[in-house]
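Reading through the structure tokens given below for one structure.
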Amino acid sequence: AVYGVGAIFSAISVFVVQGSLTIFGTSLDSLLSDRMRLELFSAGGLAVIAIGINLLEIKKIRLGSLLPGLVVTPLLVRIFATPNGLIHLL
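Put into structure tokens, the structure is as follows:
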């Protein structure tokens, strides 16, 4: 109890936020195909690499500009990808 009651209340709020994000993500799982999931994980991996580059102070990368890729990537796969993995344009 070194940190006091405030730490307990903040832990409760973190639990609620993280739990709601987990439930929301689980509900989206049925909407994503394997190909969409793969591309989404690739976009997320690039964001994690960018975070590492920022932490190491190699180059300043604005992470906010990478966030739309997490939404756009599965949509592009849904629009352009065919079941055999090729892209059809018409």
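Just so you know, we're using the working numbering here: the sequence shown kicks off at 39 and counts up by one.
For each residue, glycine too, the CB sits at the ideal point set by N, CA and C.
Output needed for residue i: all residues of its chain with C-beta closer than 7 Å, excluding positions within five of it in sequence on either side, in chain order.
{"i": "Lys98", "result": "Asn92"}
{"i": "Ile89", "result": "Leu101"}
Would you tell me roughly how many angstroms separate the C-alpha atoms of residue i and residue j, rounded to the nearest one?
{"i": "Pro106", "j": "Asp67", "result": "19 Å"}
{"i": "Leu128", "j": "Ile117", "result": "Low confidence applies here, because Leu128 scores a pLDDT of 49, under 50, leaving its location unreliable; read the following figure in that light. Rounded to whole angstroms, Leu128 to Ile117 spans 11 Å at the Cα level."}
{"i": "Tyr41", "j": "Phe47", "result": "11 Å"}
{"i": "Ile87", "j": "Val110", "result": "19 Å"}
{"i": "Leu101", "j": "Val43", "result": "34 Å"}
{"i": "Val54", "j": "Asp72", "result": "29 Å"}
{"i": "Thr60", "j": "Ala49", "result": "16 Å"}
{"i": "Ala81", "j": "Ala45", "result": "34 Å"}
Using 8 Å for Cβ pairs, my map puts residue i next to residue j. What's the rounded Cβ distance?
{"i": "Leu108", "j": "Leu78", "result": "7 Å"}
{"i": "Asp112", "j": "Leu70", "result": "The displayed chain sequence assigns Pro, not Asp, to residue 112. Contact holds; Cβ gap of about 6 Å."}
Which term fits residue i, buried or exposed, when burial requires 16 or more other beta carbons within 10 angstroms of its beta carbon?
{"i": "Thr64", "result": "exposed"}
Grab me the residues of residue i's own chain with a C-beta within less than 6 Å of its C-beta, minus the 5 sequence neighbours each way, in chain order.
{"i": "Val115", "result": "Arg73, Met74, Glu77"}
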